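Colleague: There's a structure below that I have some questions on.
Number of protein chains: 2
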Amino acid sequence: MFKVNENFCLLKENYLFAEIANRVSAFSKANPDKKLVKLGIGDVTLPLAPAVISALHEATNEMAMSSGFKGYGPYEGYEFLREAIVKNEFIARNINISIDEIYVSDGAKSDMGNILDLFAADNIIAITDPVYPAYIDANVISNGGKNIVFLPCLAENGFAPMLPKQKVDIIYLCYPNNPTGSTLTRAELKQWVDYAIKNDSIILFDAAYEAYIQEEDVPHSIFEIEGAKNVAIEFRSFSKNAGFTGLRCGYVVIPNELSTKTAEGKTLKLGELWLRRQATRYNGNSYPIQKAAAAIYSPEGKEQTKQMVAFYMNNAKTIRESLIQLGFTIYGGINAPYIFLKTPNGMTSWEFFDVLINEAGVVGTPGAGFGSMGEGYLRLTAFGSAESTKEAINRIKTQLKL
Amino acid sequence: MFKVNENFCLLKENYLFAEIANRVSAFSKANPDKKLVKLGIGDVTLPLAPAVISALHEATNEMAMSSGFKGYGPYEGYEFLREAIVKNEFIARNINISIDEIYVSDGAKSDMGNILDLFAADNIIAITDPVYPAYIDANVISNGGKNIVFLPCLAENGFAPMLPKQKVDIIYLCYPNNPTGSTLTRAELKQWVDYAIKNDSIILFDAAYEAYIQEEDVPHSIFEIEGAKNVAIEFRSFSKNAGFTGLRCGYVVIPNELSTKTAEGKTLKLGELWLRRQATRYNGNSYPIQKAAAAIYSPEGKEQTKQMVAFYMNNAKTIRESLIQLGFTIYGGINAPYIFLKTPNGMTSWEFFDVLINEAGVVGTPGAGFGSMGEGYLRLTAFGSAESTKEAINRIKTQLKL
Chain A
12 MFKVNENFCL LKENYLFAEI ANRVSAFSKA NPDKKLVKLG IGDVTLPLAP AVISALHEAT
72 NEMAMSSGFK GYGPYEGYEF LREAIVKNEF IARNINISID EIYVSDGAKS DMGNILDLFA
132 ADNIIAITDP VYPAYIDANV ISNGGKNIVF LPCLAENGFA PMLPKQKVDI IYLCYPNNPT
192 GSTLTRAELK QWVDYAIKND SIILFDAAYE AYIQEEDVPH SIFEIEGAKN VAIEFRSFSK
252 NAGFTGLRCG YVVIPNELST KTAEGKTLKL GELWLRRQAT RYNGNSYPIQ KAAAAIYSPE
312 GKEQTKQMVA FYMNNAKTIR ESLIQLGFTI YGGINAPYIF LKTPNGMTSW EFFDVLINEA
372 GVVGTPGAGF GSMGEGYLRL TAFGSAESTK EAINRIKTQL KL
Chain B
12 MFKVNENFCL LKENYLFAEI ANRVSAFSKA NPDKKLVKLG IGDVTLPLAP AVISALHEAT
72 NEMAMSSGFK GYGPYEGYEF LREAIVKNEF IARNINISID EIYVSDGAKS DMGNILDLFA
132 ADNIIAITDP VYPAYIDANV ISNGGKNIVF LPCLAENGFA PMLPKQKVDI IYLCYPNNPT
192 GSTLTRAELK QWVDYAIKND SIILFDAAYE AYIQEEDVPH SIFEIEGAKN VAIEFRSFSK
252 NAGFTGLRCG YVVIPNELST KTAEGKTLKL GELWLRRQAT RYNGNSYPIQ KAAAAIYSPE
312 GKEQTKQMVA FYMNNAKTIR ESLIQLGFTI YGGINAPYIF LKTPNGMTSW EFFDVLINEA
372 GVVGTPGAGF GSMGEGYLRL TAFGSAESTK EAINRIKTQL KL
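Top to bottom, those sequences are chains A and B.
In terms of the numbering used here, the first sequence opens at residue 12 and continues consecutively.
In terms of the numbering used here, the second sequence opens at residue 12 and continues consecutively.
And the structure:
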């Protein structure tokens, strides 16, 4: 009899966003006249930038002609895109990354899950708490999740994770952080790189929100830190900086220096393993989508995506300042599109979620859904429209009976 | 110290198509004036159909407006596409499949590899020989490939695989077949479904070349066979029927009936596991690409893609009939875009590959690259232009010194 991967039985029954969808749907059914303002899921709302739209049309026209048609592309992505990424994301910041260290994909979520194919099942895995739930679920499916060590992130430390007491092999870091909206300083990130160097660990660095960094001392890439190229893989996405959640494109940076030894002493380069993995289980991203991604690095594309980020950060400012005025304790929203607010009156995350939806018709994301240390918090996103963001704040101000 | 998945060390050093690329590159360097005709890789060459192009432009225009912008889509794909698939691929052939059994993806190669995430590592896996190499590599990466049983496919049986002597749990079948171009009759396929029912096995049925079927008795879907919904998953692709190799879209059909029991007796539905897997490690295919895929089911799209298939099948006919005239022993090319030819004079596959490139400047794919039973064969594809196909045949006729 064929046997399934029984790790699936270890997954928690309801995925966070599915549970939110269930409660939203129940509320809407019971209150058909009440229009909800949704600041829950971290999905963008602005239409694609004109430069991206033009690139999609142009690539489509190429695909309509024999001379321009593209079939299977390179597994690691087209050179034109990898070149634009290297030049604009790394060289421009004096970070030494070359195009053969860039691997384009259909998004950071795929990459963050698929990277586990490269690792043995018995690594000790450190994951921050709270955290984006897919990191944990991907590990549970892949290795049973039995060796996960949680790194508590506390408000009093600005949600910076504490170094683990036991030795860990694989470390997930996401900064600017989802869901807390917090960041690490260079000095804080350096501690982690140093830890990884000392312990032969590897850091999986999720930099999906890099474009939202406004302050000076916040690193945009882990490769700004000395020694990181020996111990880190970085995950990037076009979802949040250019609104590609519905187009799908991201990339992973695997330095050529990054290698390890097998039990028998053979040196394996992680980049080579990844390329082999991708060649076997993936066939590259769509040509028009890669052309669209490259277009965000044109002068117009840069200006247009910068304005999109500024638009969302203006929403973040609105939420942040209004909630502070109302007496809430809040975090994030300065270098990230997320505001993490302390629930009032000692409510649990889901209690406040229910109060917020029932009294104000506003949907947030319960912090407890991101892990036990997220209990007592609620995440609001800045990805709504300007109107819906103001409407949400206005409802919280006038309708919430606390 | 972090440990890698050492199964990567078990992979054969050179991926088939990489080795071909190396030899082609070496030849071109040594013979800069000689232009090669490439009938090696199974990549399409015709530009996208006008209906597909229109759909891409329209979807792009939607993404440019607030009212039409789409962010994250459903993990299983948009309903408009799943509906079109069900109606045209299944209901139209009296096959009982519903839209909640369709899961859209970025291509069959991703699906065929990713499906392994659902299975335990100790299943006995039956794979035909010869076979598309990624099936094997995906298993080696995922479970070490130690439990693979090869099913020899011999010319004297029309390359139909022999039922295994030992009990197997997971069975890979691909019909119309890559690389042999052969098909199974309903009666032959029924044997496999019956085997799977009797032995609680599961069949992974790759139907990527379904659109090329010309003859009546050849099943288009394994779900034409009674009982298959309890034992099979089917993989489909838009790559070969509509030229989506560079756009990326496919889907998998997982019947609601398909379930298994855990060691503890809990029933697990494979479709539910897959959706959870996709929700964790994937974020759905691009909206414009899904619109493009749906467009092949419009009246114009159907007619245009039908013409594309007819065009390639005309190439297949040219290759087939000419090679027979020249005295070659050949297989396939009737219900599939592949011609599998017996190498002349007892040459090995790679010997004939070298002769063909050196004497005629024609690139094929050595059968041995698809497995030991492919030794002594060479695959030619019908995916070239009409001119290059004729040119290849002409060169074989006039320049090959056999």
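In this text, a Cβ means the ideal position worked out from N, Cα and C, and glycines have one as well.
Owing to the predicted nature of the structure, the values given are computational and were not obtained by experimental measurement.
#1: Taking only beta carbons into account, state which residues of the stretch 204-224 of chain A come closer than 7 Å to chain B, listed in chain order.
#2: Check distances from the C-beta atoms of the stretch 14-40 of chain B to those of chain A and list, in chain order, the residues that come in under 7 Å.
#3: Beta-carbon of T316 of chain B versus every beta-carbon of chain A: anything under 7 Å?
#4: Quick one, are the C-beta atoms of A149 of chain A and L127 of chain A less than 7 Å apart?
#5: So, with DSSP's three-state summary, where would you put P377 of chain A?
#6: Under a CB-based cut-off of 7 Å, is I64 of chain B close to chain A?
#7: Grab me the residues of K280 of chain B's own chain with a C-beta within less than 6 Å of its C-beta, minus the 5 sequence neighbours each way, in chain order.
#8: Between A:P310, A:G344 and A:A393, which has its C-alpha nearest A62 of chain A's C-alpha?
#9: If I'm right that G387 of chain A touches K353 of chain A with Cβ under 8 Å, what's the distance once you round it to whole angstroms?
#10: Considering only C-alpha positions, which residue in the set B:L200, B:A32 and B:N16 is nearest to E237 of chain B?
#11: Counting only the same chain and skipping the five closest in sequence on each side, list residues whose C-beta sits under 6 Å from that of F255 of chain B.
#12: F216 of chain B lies in the alpha helix (DSSP H); which residues open and close that run?
#13: If C20 of chain B and K272 of chain A are in contact, beta carbons under 8 Å, what's the gap, nearest whole angstrom?
#14: Quick check: the stretch 177-187 of chain B against the stretch 214-221 of chain B, are at least 3 beta-carbon pairs closer than 8 Å?
#15: Report yes if the C-beta distance between T191 of chain A and G372 of chain A is below 7 Å; otherwise report no.
#16: Determine the chain A residues that contact V264 of chain B at a beta-carbon separation under 7 Å, and present them in chain order.
#17: Using a beta-carbon distance cut-off of less than 9 Å, what residues from the stretch 78-102 of chain A approach chain B?
#18: Name the DSSP bridge partner or partners of V48 of chain B?
#19: Hey, is T291 of chain B's beta-carbon within less than 7 Å of any beta-carbon in chain A?
#20: When you compare the CB positions of V115 of chain B and N325 of chain B, do they come within less than 7 Å of one another, or not?
#21: Just tell me which of B:I233, B:I159, B:I368 and B:Q289 has its CA closest to the CA of N42 of chain B.
#22: Just the chain A side, please: which residues come within less than 9 Å of L59 of chain B by C-beta, in chain order?
#23: Please classify Y308 of chain B: does DSSP put it in a helix, a strand, or coil?
#24: Closer than 8 Å by beta-carbon distance: list the chain B residues that pair up with G124 of chain A, in chain order.
#25: Could you tell me which of A:F161, A:N188, A:F170 and A:I135 sits nearest to N154 of chain A, measuring between CA atoms?
#26: What residues are listed by DSSP as bridge partners for E90 of chain A?
#27: What residue from B:K251, B:K49, B:I102 and B:G169 has the CA that sits closest to A321 of chain B's CA?
#28: Give the residues of chain B in contact with F130 of chain A, contact being defined as C-beta atoms less than 9 Å apart.
#29: For E167 of chain B and G53 of chain B, I'd like the C-alpha separation in whole angstroms.
#30: For Q289 of chain B versus Y86 of chain B, is the C-beta spacing smaller than 7 Å?
#31: As an exercise, report each continuous alpha helix (DSSP H) stretch of at least 4 residues that is fully enclosed by the stretch 164-240 of chain B, in chain order.
#32: Answer with yes or no whether the minimum CB distance from A149 of chain A to chain B is below 7 Å.
#33: If you reduce the DSSP assignment to three classes, tell me which class L352 of chain A lands in.
#34: Confirm, please, whether the CB-CB distance from I138 of chain A to I113 of chain A is below 7 Å.
#35: Can you list, in chain order, the residues of its chain with a C-beta nearer than 7 Å to that of Y89 of chain B? Leave out the 5 residues immediately preceding and following it.
#36: Short of 6 Å in beta carbon distance, which residues of its chain neighbour L411 of chain A, apart from the five on each side in sequence? Order them along the chain.
Modeller: With the structure as the only source:
#1: D211, S212 and I213
#2: Of all residues in the stretch 14-40 of chain B, only K14, V15, N16, E17, F19, C20, L22 and Y26 come within less than 7 Å of chain A when Cβ atoms are compared, listed by chain position.
#3: Answer no: the Cβ-Cβ gap between T316 of chain B and chain A never drops below 7 Å.
#4: Contact: yes.
#5: strand
#6: yes
#7: Once the five neighbours on either side are set aside, the close Cβ partners of K280 of chain B are S270.
#8: A:P310
#9: 6 Å
#10: B:L200
#11: F249
#12: Segment I213 to D217 is the beta strand (DSSP E) holding F216 of chain B; no alpha helix (DSSP H) there.
#13: So it is not a contact: roughly 12 Å between Cβ atoms.
#14: Judged by Cβ distances under 8 Å, the stretch 214-221 of chain B makes contact with the stretch 177-187 of chain B, as three or more pairs qualify.
#15: no
#16: Under the 7 Å cutoff, chain A gives no residues; its nearest Cβ is about 17 Å from V264 of chain B.
#17: Flagged, chain order: S78, G79, F80, K81, G82, Y83 and G84.
#18: Looking at the DSSP assignment, V48 of chain B forms a beta bridge with B:V373.
#19: yes
#20: no
#21: B:I368
#22: T71, M74, A75 and F80
#23: In the structure shown, Y308 of chain B sits in coil (DSSP, three-state: anything other than H, G, I, E or B).
#24: T291, R292 and Y293
#25: A:I135
#26: Looking at the DSSP assignment, E90 of chain A forms no beta bridge with any residue, so it has no partner.
#27: B:K251
#28: F13, K14, V15 and N16
#29: 25 Å
#30: yes
#31: List check, alpha helix (DSSP H) in window: 197-210.
#32: yes
#33: Three-state DSSP puts L352 of chain A in a strand.
#34: no
#35: Q301
#36: E370 and A371
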